[in-house]
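Student: Below you will find the structure I want to go over with you.
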Amino acid sequence: MTKISPTQFTDGTPVLLDRPFLIKRWQRGSDPFFWRHERRGTLCAVSDGSKRRYTWDAVFAFEGGMPPEGMRDAYQSDLLTEHQAAGLCSVKPSYILRAARRGDLPYRRIGSAYRFVPAQIELWHKTQFVNHNLQKIIKKTADQRSEGRMNTPER
């Protein structure tokens with residue numbers, strides 16, 4: 170266990186995260202959960218002199234890796250369960266889990282639970298649930314314009 174200076178704040182976000190914060194973020198966890206993962210070496214704790222805390226990098230490594238470039242702030246928000254993500258997309262939780270297992274939907278793993286970043290859910294929802302009929306109409310209109318078949322109003 171490494172000693173680090175007391176909790177500092179950067180833009181309102183703590184550099185060292187405590188267990189209650191992580192339990193709220195993950196909507197999962199208990200002391201035995203943390204002890205088990207620390208003993209296995211999957212979650213690395215640091216000490217600020219009085220408590221065991223965790224850095225964002227250690228938390229991201231535990232969840233499955235660092236966030237994509239430019240998405241670090243989005244990944245620091247609280248994660249969603251499959252039920253919450255399904256509510257945002259108006260689909261069943263089983264659809265969300267199936268998409269995550271197929272690799273279509275980015276997810277984080279907390280133990281055996283799947284958790285989702287709200288910003289990633291929104292991006293996935295926008296790309297997944299597109300009105301294909303509207304896209305065909307737009308493409309058809311664009312093709313007609315390029316061929317000069319559309320009536321354009323004269324001024």
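So the mapping is simple: my numbering equals the position in the sequence shown, first residue as 1, plus 169. The C-beta atom is built at its ideal place from N, Cα and C for all residues, glycine as well. In this text, all values refer to a predicted model and were calculated from it rather than measured experimentally.
(1) Tell me whether the beta-carbon of A254 lies closer than 8 Å to the beta-carbon of K261.
(2) Report the rounded CA-to-CA distance for C356 versus E207, giving the unit in angstroms.
(3) Write down every uninterrupted run of the alpha helix (DSSP H) in the segment 178–251 whose length is 4 residues or greater and which is fully enclosed by it, in chain order.
(4) For the candidate residues R277, F298, R267, whose alpha-carbon lies nearest to that of R194?
(5) Helix or strand or just coil, what does DSSP make of Y283?
(6) Report yes or no: do the segment 233–248 and the segment 277–291 share at least 3 C-beta pairs separated by less than 8 Å?
(7) Suppose you measure from the CA of D226 to the CA of L185; what does that come to, to the nearest Å?
(8) Just to confirm, is the Cβ distance from R197 to A269 under 8 Å?
(9) Taking the CB atoms as reference points, tell me whether P237 and F229 lie closer together than 8 Å.
(10) On the DSSP letters alone, give me the boundaries of the alpha helix (DSSP H) that P262 sits inside.
(11) For T211, collect the residues of the same chain with a Cβ closer than 7 Å to its Cβ; drop the 5 residues on either side in sequence, then sort them by chain order.
(12) Across which residues does DSSP place R277 in a beta bridge pair?
(13) Near E291, which residues of its chain fall below 8 Å by C-beta distance, leaving aside the five closest residues on each side in sequence?
Tutor: From the atom records:
(1) no
(2) As shown, the chain starts at 170 and ends at 324. That puts residue 356 outside it, with no answer to give.
(3) 188–195, 200–209, 225–232, 241–244
(4) R277
(5) Residue state for Y283 is assigned as strand, using DSSP reduced to three classes.
(6) yes
(7) Rounded to the nearest angstrom, the gap between the Cα atoms of D226 and L185 is 10 Å.
(8) no
(9) no
(10) 262–271
(11) F231
(12) R284
(13) By the criterion of a C-beta distance shorter than 8 Å, E291 is surrounded in its chain by L257, once the five residues flanking it on both sides are discounted.
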